[in-house]
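Protein chains in written order, with this note's numbering: chain H, 1 to 47; chain W, 1 to 611.
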């Protein structure tokens with residue numbers, strides 16, 4: 001690959017992958033809000 | 001009375017469902033072709049800028065509008081928009097948010113059914129030993145619904161009905177029990193399939209299994225930047241259009257999904273996570289599959305020629321042949337992976353298209369979830385059948401153009417105006433940041449209020465008056481020639497050729513060339529007119545006729561020009577089917593508007609508009 005294509009591809013893909021991973025990681029580790037929240041799986045009782 | 005009690009099971013499920021809604025066929029088939037046609041690697045610059053100033057703001061607007069409307073028990077855009085401003089017009093603007101989903105789903109499910117069929121054919125070795133022309137011919141035969149490729153009569157129709165039944169069944173299971181479960185399986189699976197194919201594509205070696213180029217040649221071709229292309233408005237409009245379609249904004253499905261969120265739950269982080277996940281699939285995986293593999297086997301010139309027929313053609317006419325070069329086991333695995341990833345990309349999107357219409361019927365007419373799902377399946381079947389039976393007459397393309405392109409831009413523009421200028425950005429910003437788990441940069445207040453609407457106006461204007469040959473350099477209103485695919489060009493039937501009447505007694509040639517044959521295929525009769533293009537490629541047009549109804553005025557070897565008579569006798573021209581498709585879409589829009597009007601009156605009588 002020529003260097004301009006290689007640099008562009010790696011830098012763009014790296015930025016996109018890191019941001020995707022970081023946002024999804026934040027979704028996974030952020031503590032759920034106090035009940036009643038929007039999600040049924042963490043409810044104490046069935047809705 | 002049945003109450004809409006839908007809820008998401010988990011936050012991860014919601015994010016994956018939203019990401020699945022965004023990830024579609026376009027990520028793998030449209031994005032790489034757009035990049036090739038618009039400056040290679042340089043395309044990524046306007047593309048990412050569009051994502052920041054158009055994509056993210058629209059995601060924020062749609063997530064927050066949906067959550068706001070959901071607070072009042074609304075789960076579809078007519079009443080979500082109606083809750084943001086009481087003027088009657090917004091309810092009818094919101095009709096776009098149901099109409100687009102229904103109209104798009106009716107041809108999208110057909111497209112999705114091709115992937116199920118191709119998984120079946122990959123597994124059972126249908127493509128084994130076929131030449132490239134034969135694989136391409138298989139697709140043409142498949143689209144001719146009366147032809148059977150496997151011995152199953154009306155095979156394309158059966159796979160469509162199977163696909164529709166699957167969608168209906170999943171939708172009948174609800175958000176957490178159906179849509180979310182599919183997203184939790186489908187999104188990871190399509191990423192795994194994508195990674196497998198990307199590795200295979202990039203590690204192709206010239207000389208092995210018939211490859212003529214290394215896989216990196218394709219990557220090099222795709223990513224080599226032509227910065228001079230950035231001066232062309234066409235490239236910027238293409239980038240904005242790609243961001244638009246890849247994120248599934250302007251449809252109403254995001255609002256519907258978000259309407260099941262409670263006031264204090266985050267939308268900012270969820271929206272960013274789902275949006276960036278779509279970008280990962282598109283930029284990282286989408287760029288590493290079809291172009292590297294196709295260039296590896298066919299070379300750059302051939303692939304540039306094939307991109308002219310679009311990503312769908314490349315995906316279904318060419319890829320199965322290329323996979324065959326890897327031997328029977330690996331080709332079956334690659335076929336299942338490629339069409340499997342397209343299937344998961346498709347079904348997670350088509351399910352999202354089902355929810356706004358279902359939400360509307362459940363909210364307003366107290367329909368149960370299974371009844372709403374069956375209602376959705378039935379209308380999709382009725383609207384989808386014309387796209388199957390009259391595919392060659394252009395009905396599929398009409399649906400895609402008016403519902404899948406124009407409606408989205410119009411709706412996004414109007415919802416951006418409503419959110420920023422009517423509902424007001426002060427309230428809007430409070431909606432976006434309420435319960436947010438990340439801090440949204442303040443610059444987005446300015447972008448959402450000023451930049452995004454202006455960009456949307458430019459995108460809409462670009463689509464409206466797109467010039468012939470995409471030449472924006474000589475702006476002269478008096479001499480402006482519209483592109484065949486501009487909105488005005490479409491309304492004027494530009495590009496329809498000389499057969500402009502619905503019904504006629506004579507059929508004219510729509511292209512110039514030599515009549516190279518008259519032949520019979522699958523009990524149908526055709527005239528083939530071919531000419532050699534400037535690049536040496538032979539371009540052929542086939543015209544169907546009936547020997548019992550038509551009298552041929554040409555014979556093999558005759559030279560014909562566009563507009564010359566090919567045969568006489570009663571003819572129903574393509575323009576008839578195109579206009580009927582448009583009328584059908586317009587009727588659907590008016591029918592939904594009527595339902596909204598009826599529902600509004602019903603609400604008023606029941607005192608529910610006071611909420």
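Don't be surprised by glycine CBs; every beta carbon is placed ideally from N, CA and C.
One or two residues paired with residue 531/W in a DSSP bridge: Within the second chain, the letter at position 531 stands for residue 531/W. According to DSSP, residue 531/W bridges with 539/W.
9 Å Cβ cutoff, residue 30/H in contact with chain W: Mapped onto the first chain, residue 30/H falls at position 30. Yes, its Cβ sits closer than 9 Å to a Cβ of chain W.
Beta-carbon proximity of residue 455/W to residue 282/W, cut-off 9 Å: Counted from its first residue, the second chain places residue 455/W at position 455. Counted from its first residue, the second chain places residue 282/W at position 282. For residue 455/W and residue 282/W, no; Cβs fall outside 9 Å.
Uninterrupted alpha helix (DSSP H) stretches inside the stretch 358-410 of chain W (no shorter than 4 residues): 369-389, 395-401
Secondary structure of residue 520/W, DSSP reduced to three states: Your numbering for residue 520/W matches position 520 in the second chain. Residue 520/W: strand per DSSP, three-state reduction.
For residue 544/W, the residue or residues it bridges with in DSSP: What you label residue 544/W is simply residue 544 of the second chain in a count that begins at 1. Answer is 526/W.
Rounded separation between residue 2/W and residue 52/W - CA only: On the second chain, residue 2/W is found 2 positions in, with the first residue counted as 1. On the second chain, residue 52/W is found 52 positions in, with the first residue counted as 1. Bear in mind that a pLDDT of 49 at residue 2/W, under 50, signals an unreliable position, so the model cannot answer this.
For residue 45/H, three-class secondary structure by DSSP: As a first step, residue 45/H must be located in the first chain, where it is residue number 45. Below a pLDDT of 50, predicted positions are generally treated as unreliable, and residue 45/H, at 48, falls in that range; the measurement from the model is reported next regardless. Three-state DSSP puts residue 45/H in coil, outside helix and strand.
Endpoints, the beta strand (DSSP E) within which residue 504/W is located: Start at 1 with the first residue of the second chain, and residue 504/W comes out as number 504. Per DSSP, residue 504/W belongs to the beta strand (DSSP E) from 503-508.
Contacts around residue 538/W, its chain only, beta-carbon distance under 7 Å, and the 5 residues preceding and following it disregarded: Against the second chain, residue 538/W aligns to sequence position 538. Around residue 538/W: 530, 532.
Residue 570/W - containing beta strand (DSSP E), residue span: The count along the second chain starts at 1 and reaches residue 570/W at position 570. Residues 565-572.
Opening and closing residue of the alpha helix (DSSP H) in which residue 40/W lies: What you label residue 40/W is simply residue 40 of the second chain in a count that begins at 1. Note, residue 40/W: premise wrong, no alpha helix (DSSP H); not H, not E.
Strand pairing of residue 225/W, partner residues [DSSP]: Looking up residue 225/W in the second chain gives position 225. Paired residues: 40/W.
Contact with chain H by residue 38/W, beta-carbon distance below 9 Å: As a working note, residue 38/W is residue 38 in the second chain. Residue 38/W does not count as touching chain H.
Residue 495/W versus 483/W, 205/W, 114/W, 439/W, residue with shortest Cα-Cα distance: Indexing the second chain from 1 puts residue 495/W at position 495. The residue with the shortest Cα to Cα distance from residue 495/W is 483/W.
Interface residues of chain A facing residue 283/W [CB-CB closer than 8 Å]: Checking the listed chains, one finds no chain A in this structure; the protein chains it contains are H and W.
Cβ neighbour criterion (16 or more within 10 Å) applied to residue 27/W: To locate residue 27/W, count along the second chain from 1; it is residue 27. With 16 or more other CB atoms across the displayed protein chains lying within 10 angstroms of its CB, residue 27/W is buried.
is_contact[residue 10/W, chain H] using C-beta, thresh 9 Å: One-based indexing of the second chain puts residue 10/W at position 10. Output row for residue 10/W: interface = yes.
Close Cβ partners of residue 525/W (< 6 Å) along its chain, the five nearest in sequence each way excluded: Numbered from its first residue, the second chain carries residue 525/W at position 525. If we look at residue 525/W and ignore the five residues flanking it on each side, its Cβ neighbours are 545, 547.
DSSP three-state assignment for residue 498/W, whether helix, strand or coil: For this step, residue 498/W is matched to residue 498 along the second chain. Reduced to three states, the DSSP call for residue 498/W is coil.
Any beta strand (DSSP E) of 3 or more consecutive residues that is wholly inside the stretch 452-502 of chain W: With a minimum length of 3 residues, no continuous beta strand (DSSP E) run stays inside the stretch 452-502 of chain W.
Below-9 Å beta-carbon distance, residue 260/W vs any chain H residue: For the purposes of this step, residue 260/W is taken as residue 260 along the second chain, with counting starting at 1. For residue 260/W, the answer is yes, since a Cβ of chain H falls inside 9 Å of its Cβ.
Sequence-distant residues of the same chain with beta carbon closer than 6 Å to residue 507/W, five excluded per side: The count along the second chain starts at 1 and reaches residue 507/W at position 507. Contacts found: 566, 567, 571.
Cβ distance (whole Å) where residue 370/W is taken to contact residue 172/W below 8 Å: The residue you call residue 370/W lines up with position 370 of the second chain. The residue you call residue 172/W lines up with position 172 of the second chain. With a Cβ gap of about 4 Å, residue 370/W and residue 172/W count as contacting.
Beta carbon proximity, residue 66/W to chain H, threshold 9 Å: Within the second chain, the letter at position 66 stands for residue 66/W. Not an interface residue.
Stretch pair the stretch 210-228 of chain W + the stretch 455-473 of chain W: three plus CB contacts closer than 8 Å: no
Neighbourhood of residue 209/W by C-beta, 8 Å cutoff - its chain only, sequence neighbours within 5 removed: In the second chain, residue 209/W corresponds to position 209, counting from 1. So the list reads 325, 326, 327, once near-sequence residues are dropped.
Anticipated Cβ contact below 8 Å, residue 254/W with residue 114/W, distance rounded: In the second chain, residue 254/W corresponds to position 254, counting from 1. In the second chain, residue 114/W corresponds to position 114, counting from 1. Rounded, the Cβ-Cβ distance is 26 Å, inconsistent with contact.
Under 9 Å between C-beta atoms of residue 5/H and residue 296/W: Here the question's residue 5/H lines up with position 5 in the first chain. Here the question's residue 296/W lines up with position 296 in the second chain. No, they are not a contact pair.
Proximal residues of chain W, C-beta to C-beta of residue 40/H below 9 Å: As a first step, residue 40/H must be located in the first chain, where it is residue number 40. 7, 8, 9, 10, 176, listed in chain order.
Reference residue 73/W; option with closest CA among 261/W, 149/W, 123/W, 165/W: For this step, residue 73/W is matched to residue 73 along the second chain. Looking at the Cα atoms, 261/W is the closest of the given residues.
Under 8 Å from the C-beta of residue 4/H: neighbouring residues of chain W: By 1-based counting over the first chain, the position of residue 4/H is 4. The answer, in chain order, is 41, 224, 225.
Residue 609/W at chain H interface by Cβ criterion, 9 Å: Here residue 609/W refers to the residue found at position 609 of the second chain. So, not an interface residue.
Residue 363/W vs residue 75/W beta-carbon contact at 9 Å: In the second chain, the residue the question calls residue 363/W occupies position 363. In the second chain, the residue the question calls residue 75/W occupies position 75. Closer than 9 Å, so yes.
Beta-carbon contacts of residue 16/W that lie in its chain and below 7 Å, excluding the five residues immediately before and after: Position 16 of the second chain, counted from the first residue, corresponds to residue 16/W. Within the same chain, Cβ atoms closer than 7 Å to the Cβ of residue 16/W are found at 183, 184, 187, the five residues on either side in sequence being excluded.
Neighbour flag for residue 277/W against chain H, beta carbons, 9 Å: Along the second chain, one-based indexing puts residue 277/W at 277. Taking Cβ atoms only, chain H reaches closer than 9 Å to residue 277/W, which makes this a yes.
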